[in-house]
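So the sequence shown is numbered by our numbering: it starts at 9 and just counts up by one.
Just so it is clear, CB atoms sit at the ideal spot from N, CA and C, and this is done for glycine as well.
Have a look at the structure below before the remarks.
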Amino acid sequence: MNQIETLQAELNEIVEGLTGPVAVLLEGRDTAGKSSTIREATHYLPMNRFSVHLSKKPSKRTMKNWLSYWAHKMPRGNQIVFYDRSWYSRAMVQRLNNWCSPKQYDNFIKSHKIWERDQNVTMIKMWLSITEIEQHRRIEKRKKSPLTYWKFSPNDERALSYYDEMTALKNVCIDDEWIAIDYNNKKAGIESFLRELIFALGEKNEH
């Protein structure tokens with residue numbers, strides 16, 4: 009087995025031994041590698057032990073009941089759920105693009121920590137970090153590739169001019185509870201992600 013397969017096998021064993029619900033949050037800039045990382049992390053996991061929540065444009069009703077919506081997306085029992093973007097999109101992507109109001113943003117910043125504690129779910133938060141140069145390279149590649157061109161959106165184009173603004177928003181809500189992983193090299197980033205996830209889950213099972 010290669011290194012990633014070895015880590016996937018170790019993750020399998022740990023997930024099968026979970027004794028409570030686990031939420032794994034993946035946040036990062038556009039093209040950071042959230043979706044591909046979740047594919048690798050879940051590739052060999054038992055189907056009945058995990059689910060994936062993909063990011064999508066929220067409805068007007070969801071926007072008005074933001075944290076209540078996410079409360080219904082929490083893992084149950086001994087399940088692990090991977091979130092390709094999460095409720096933290098309110099504090100970053102939504103704020104950056106003015107999709108939420110300043111009041112909605114402020115309410116989130118004031119209340120999300122208390123809300124998380126009330127969920128009784130182990131939360132493992134990962135920030136996938138890429139530089140501005142690397143993000144530009146990946147967006148240009150996505151736009152021109154016959155395999156990934158369909159993923160390119162106006163938001164990707166705007167992301168190139170919002171790098172510093174995203175950094176400022178990130179710094180407000182991504183604190184020391186988060187594990188930051190260098191994703192400039194995506195393969196190395198995925199290996200680091202799997203190691204960090206295995207370590208965090210192992211610590212949970214020891215308590």
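Span separating the alpha-carbon of residue i from that of residue j
| i | j | result |
| --- | --- | --- |
| Asn20 | Trp135 | 22 Å |
| Pro110 | Arg69 | 17 Å |
| Gly210 | Ala49 | 16 Å |
| Ile189 | Leu205 | 11 Å |
| Gln127 | Ala79 | 7 Å |
| Asn163 | Arg37 | 11 Å |
| Met55 | Ser169 | 40 Å |
| Lys195 | Trp74 | 33 Å |
| Leu202 | Thr45 | 9 Å |
| Met71 | Met9 | 45 Å |
| Glu173 | Cys108 | 16 Å |
| Ile122 | Leu34 | 20 Å |
| Ser67 | Phe160 | 21 Å |
| Arg146 | Trp158 | 14 Å |
| Val32 | Ser97 | 15 Å |
| Glu18 | Gly85 | 21 Å |
Cβ-based neighbour list, residue i, same chain, cut-off 6 Å, excluding 5 preceding and 5 following
| i | result |
| --- | --- |
| Ser59 | Val89 |
| Tyr171 | Glu140 |
| Ala167 | Asp38 |
| Tyr148 | First, the amino acid is wrong: residue 148 is Glu here, not Tyr. Answer for Glu148: no residue qualifies. |
| Thr156 | Arg150 |
| Arg57 | Val23 |
Whole-Å CB distance - residue i paired with residue j, under 8 Å assumed
| i | j | result |
| --- | --- | --- |
| Val129 | Met82 | 5 Å |
| Val23 | Leu53 | 6 Å |
| His16 | Glu199 | Per the sequence presented here, residue 16 reads as Gln, with His not at that position. Not a contact, Cβ separation roughly 10 Å. |
Sequence-distant residues of its chain with Cβ nearer than 8 Å to residue i (five each side left out)
| i | result |
| --- | --- |
| Ala99 | Tyr113, Phe116, Ile117, His120, Leu177, Val180 and Cys181 |
| His51 | Gln16 |
| His144 | Leu168 |
Nearest residue (CA-CA) to residue i, options the options
| i | options | result |
| --- | --- | --- |
| Ser43 | Asp183, Glu165, Arg57 and Lys64 | Lys64 |
| Gly28 | Trp158, Ser137, Met131 and Phe207 | Met131 |
| Ala40 | Gln87, Asp92, Met9 and Leu104 | Asp92 |
| Glu124 | His51, Met9, Leu62 and Glu185 | Glu185 |
| Ala208 | Tyr77, Ala167, Arg150 and Ile187 | Ile187 |
| Glu13 | Glu35, Ile122, Arg103 and Arg47 | Arg47 |
| Gly197 | Trp158, Lys159 and Ile138 | Ile138 |
| Asp183 | Thr156, Leu62 and Lys133 | Lys133 |
| Trp95 | Ile147, Tyr77, Gln87 and Asn105 | Tyr77 |
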